[in-house]
Amino acid sequence: MPKHHNYMDRLPDEILCMVFDRLDLESVKTASRTCQRWNAIIFFSGYVDRFQLDINVLNHATTRKQQEVPKLKRLIQRAKQIVMHTQRQYRGLSMSVEPILESQFPAFWKAIHPKITQHLRELELDFIEGSMVRIFPLIADALPSMSHLQMLNIADYTYSDMYQKSIPTLRSQSVMHLSMDCKYKFLVDMPQLQTFDGALSALHPPADNSGQSPLVFGKLKDLSVNVKGWKPTDPSSIFRRMPYLERCDWDVPLEEDLFISMGETCPLLTSIDFSKTMYLSNPSLLKSVLNLTQLRRLRFHKSIYLEEQSFLDFSKLTQLESLDLGKTIVKPSTLLNLPKSVRKLGLLIDQEAEQSLSDIITCNLSHLTELRLAYYRAPASQKLLKSLSLFEQLEVLHFSRCHFTQPFFLGMDGTLPRLHTLLFTKCKLETKHLLGLQIKFPRLKDCLFLKCFVMTESEGDEEEEEYDSDDTFESDLNSENDYPGYEYDLDSDYTDSDGYQYDDGSDFELDYDDYALLSALADLAP
Numbered sequence: 002m003p004k005h006h007n008y009m010d011r012l013p014d015e016i017l018c019m020v021f022d023r024l025d026l027e028s029v030k031t032a033s034r035t036c037q038r039w040n041a042i043i044f045f046s047g048y049v050d051r052f053q054l055d056i057n058v059l060n061h062a063t064t065r066k067q068q069e070v071p072k073l074k075r076l077i078q079r080a081k082q083i084v085m086h087t088q089r090q091y092r093g094l095s096m097s098v099e100p101i102l103e104s105q106f107p108a109f110w111k112a113i114h115p116k117i118t119q120h121l122r123e124l125e126l127d128f129i130e131g132s133m134v135r136i137f138p139l140i141a142d143a144l145p146s147m148s149h150l151q152m153l154n155i156a157d158y159t160y161s162d163m164y165q166k167s168i169p170t171l172r173s174q175s176v177m178h179l180s181m182d183c184k185y186k187f188l189v190d191m192p193q194l195q196t197f198d199g200a201l202s203a204l205h206p207p208a209d210n211s212g213q214s215p216l217v218f219g220k221l222k223d224l225s226v227n228v229k230g231w232k233p234t235d236p237s238s239i240f241r242r243m244p245y246l247e248r249c250d251w252d253v254p255l256e257e258d259l260f261i262s263m264g265e266t267c268p269l270l271t272s273i274d275f276s277k278t279m280y281l282s283n284p285s286l287l288k289s290v291l292n293l294t295q296l297r298r299l300r301f302h303k304s305i306y307l308e309e310q311s312f313l314d315f316s317k318l319t320q321l322e323s324l325d326l327g328k329t330i331v332k333p334s335t336l337l338n339l340p341k342s343v344r345k346l347g348l349l350i351d352q353e354a355e356q357s358l359s360d361i362i363t364c365n366l367s368h369l370t371e372l373r374l375a376y377y378r379a380p381a382s383q384k385l386l387k388s389l390s391l392f393e394q395l396e397v398l399h400f401s402r403c404h405f406t407q408p409f410f411l412g413m414d415g416t417l418p419r420l421h422t423l424l425f426t427k428c429k430l431e432t433k434h435l436l437g438l439q440i441k442f443p444r445l446k447d448c449l450f451l452k453c454f455v456m457t458e459s460e461g462d463e464e465e466e467e468y469d470s471d472d473t474f475e476s477d478l479n480s481e482n483d484y485p486g487y488e489y490d491l492d493s494d495y496t497d498s499d500g501y502q503y504d505d506g507s508d509f510e511l512d513y514d515d516y517a518l519l520s521a522l523a524d525l526a527p
């Protein structure tokens with residue numbers, strides 16, 4: 002009989018990794034049990050980046066028996082023992098801190114640090130009714146010794162105010178991406194920081210700096226402020242620490258002094274996004290941002306409220322490509338002064354100025370590639386519809402809060418040869434089967450209906466979404482989901498830097514019993 006040769010053993014490690022890449026995670030875990038060599042490649046080489054260590058005992062406790070306190074405590078002790086004995090060098094660690102773990106966390110953390118943490122590139126901690134005030138100082142003290150850590154994500158799901166005796170400084174020479182979704186007060190000393198998501202006050206210069214100049218975040222380019230921290234005494238001192246800032250997202254109310262300081266000290270800003278209503282006591286205050294000549298994207302989710310009504314002059318923003326004015330009622334003169342560089346525009350069509358706005362849009366802005374039109378729950382403009390064919394470059398057309406009849410688009414003169422995406426957000430329609438779409442938009446690929454009310458939806462249509470008749474225009478017209486055509490990415494599963502999807506909390510396979518809850522920690526050596 003011919004001998005059967007195992008040619009797989011002759012393949013170099015690089016080729017085996019390419020083979021493993023084509024397997025799902027369960028198959029890879031099975032492969033790790035085949036032989037010591039494969040196990041070493043999968044869990045003791047760079048290939049371990051495909052996995053993350055997830056310590057979340059409570060989340061996997063699916064039965065009432067498993068959720069009993071004595072049982073959970075025993076599982077926590079078992080998990081600590083597994084961590085102490087594992088030889089794997091994980092690059093990613095995700096851990097949930099629940100009240101049941103709080104009292105035992107110091108001992109648990111001692112098992113993790115530095116054995117596991119010294120290899121980490123990513124660390125994610127979720128506090129689920131656990132006390133950050135008691136536990137987080139341990140993490141802060143350990144950060145300087147995590148020399149390979151590049152990404153730190155902290156979230157507190159109780160999101161309550163905290164009493165702190167002191168405000169620690171998070172120090173790291175390696176962290177490049179920091180996200181702190183919590184009300185825990187802290188300061189940051191991270192010279193390699195590139196992106197920050199949290200409270201702006203965390204970037205305030207230290208109070209006691211021994212007469213030295215405060216650290217400049219020379220690599221910080223992305224700032225997302227989504228937590229309202231304490232008000233700095235000198236707002237400009239914060240922005241002076243980030244002279245190379247390029248993108249800024251504000252998801253908290255922005256006070257005038259911060260608004261002015263940002264415009265005066267961050268000349269390299271190319272993208273600004275304001276999620277809350279802007280209240281300005283004087284139109285001249287807007288000049289601080291309008292003088293940012295490098296801006297390419299400016300977006301207001303809600304509106305700009307000026308005590309003195311005035312037109313908004315964007316003419317100096319000669320690099321501006323994308324402008325969304327949200328729910329701001331603009332004067333026709335504002336559109337007349339838009340720079341020619343604008344290719345994407347979003348605005349509210351006020352019925353009183355509808356005719357003049359329509360005339361200006363079609364005459365002065367026919368070069369647009371994306372257009373979002375919002376109404377106060379009114380029929381879309383027939384006059385504007387008839388002139389849409391003048392937008393020969395238009396690729397994305399987005400309607401918000403409009404009413405549509407089935408034959409509406411048949412009234413359009415001509416076609417839009419380049420339009421590929423048509424969006425309806427919170428609109429009222431007779432039907433989704435609108436007439437004439439393929440004729441008027443021959444290259445149409447996507448026709449999307451987001452939170453729309455469809456009057457004649459067929460029964461059993463699972464895609465139909467309920468329409469809240471009490472939902473007001475002011476509530477969330479420009480919520481994040483309203484902008485799929487404006488550089489908004491739909492949420493997706495987390496993937497690592499190599500494009501591998503992380504396992505949903507585990508890299509294990511044990512019997513379905515209490516120890517199945519520890520499966521994320523279990524060694525898979527054959």
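Positions 2 to 527 (our numbering) are the ones given, in order, by the sequence shown.
For every residue, glycine included, the Cβ atom is placed at its ideal position computed from N, Cα and C.
All of these numbers come straight from a predicted model, not from anything done at the bench.
- Three-state secondary structure (DSSP) at M191? coil
- Let me know if T426 comes out buried or exposed under the rule of 16 or more other beta-carbons within 10 Å of its beta-carbon. buried
- Message: Measuring only the C-alpha atoms, how far is F260 from I101?
- Response: 43 Å
- Message: Between which two residues does the alpha helix (DSSP H) holding L281 run?
- Response: Per DSSP, L281 belongs to no alpha helix (DSSP H); it is in the beta strand (DSSP E), 279-281.
- Based on the DSSP output, what are the partners of W110 in its beta bridges? Per DSSP, none; premise fails for W110.
- Task: Kindly indicate the opening and closing residues of the alpha helix (DSSP H) around G199.
- Result: Run containing G199: none in the alpha helix (DSSP H); it sits in the beta strand (DSSP E), 196-200.
- Item | Beta-carbon gap between I168 and L188 smaller than 8 Å | yes
- Whole alpha helix (DSSP H) runs in the segment 130-189 with 4 or more residues, listed along the chain? 133-143
- Just how far apart, CA to CA, sit T266 and R344? 27 Å
- Quick one, which of P192, D250, T363 has its alpha-carbon nearest M170's? This sequence places Thr at residue 170; Met is not what is there. With distances taken between Cα atoms, T170 lies closest to P192.
- Item | Cα-Cα separation between L141 and R172, rounded to whole angstroms | Residue identity differs from the one stated: residue 141 is Ala in this sequence, not Leu. A141 and R172: Cα-Cα distance of roughly 8 Å.
- Where C364 sits in the DSSP three-state scheme: helix
- Query: Would you report the Cα separation of N338 and T319, rounded to the nearest angstrom?
  - Reply: 11 Å
- Query: What whole-angstrom Cβ distance do P247 and T278 have, given they're in contact under 8 Å?
  - Reply: Here residue 247 is Glu; the residue named in the question, Pro, does not match the sequence. In fact, because the Cβ distance is near 25 Å, the residues do not count as touching under 8 Å.
- Task: Taking D198 as the reference, give the member of I43, V253, I16 with the closest Cα.
- Result: V253
- Query: Can you tell me whether DSSP reads E125 as helix, strand or coil?
  - Reply: strand
- Report yes if the CB atom of V134 is closer than 8 Å to the CB atom of M163, and no otherwise. yes
- Message: Mapping the DSSP letters down to three states, classify L391 as helix, strand or coil.
- Response: helix
- Message: Relative to the C-alpha of T196, which candidate in G219, K184, K186, H205 has its C-alpha closest?
- Response: G219
- Excluding the 5 residues preceding and the 5 following L438 in the sequence, name in chain order all residues of the same chain whose CB lies nearer than 8 Å to its CB. F410, L423, L445, C448
- Please state if the CB of L321 and the CB of P340 are separated by a distance shorter than 8 Å. yes
- Message: Please identify the residue among T31, V98, S146 whose C-alpha is closest to the C-alpha of H114.
- Response: S146
- Whole-Å CB distance - F205 paired with I239, under 8 Å assumed: Checking the sequence, you will find His at residue 205 rather than Phe. The Cβ separation is near 6 Å, so the contact holds.
- Query: Can the beta-carbon of V29 be found less than 8 Å from the beta-carbon of R89?
  - Reply: no
- Item | Inter-residue spacing [alpha-carbon to alpha-carbon] between P107 and M85 | 14 Å
- What's the C-alpha gap between H149 and L124? 11 Å
- Rounded to a whole number of angstroms, what is the C-alpha to C-alpha distance between K222 and F450? 34 Å
- Query: Residue range of the beta strand (DSSP E) that P333 falls in?
  - Reply: Where P333 is concerned, there is no enclosing beta strand (DSSP E), although the alpha helix (DSSP H) it sits in stretches over 333-337.
- Item | Residue burial classification, K303 (beta-carbon count within 10 angstroms, cutoff 16) | buried
- Item | Run of the alpha helix (DSSP H) containing G347, from where it starts to where it stops | It is not in any alpha helix (DSSP H) - G347 instead sits in the beta strand (DSSP E) that spans 345-349.
- Item | Contacting residues, own chain, Cβ-Cβ under 8 Å from I77 (five flanking each side not counted) | V58, I101, L102, Q105, F109
- For F218, write down the residues that DSSP places opposite it in a beta bridge. The partner list for F218 (beta bridge, DSSP) is empty, contrary to what the question assumes.
- Beta-carbon contacts of T363 that lie in its chain and below 6 Å, excluding the five residues immediately before and after: S388, L391
- Message: One question on the structure: do L293 and G264 come within less than 8 Å of each other, judged by their Cβ atoms?
- Response: yes
- How many Å lie between Y280 and I83 at the Cα? 55 Å
- C-alpha distance - T118 paired with S33, whole-angstrom precision: 23 Å
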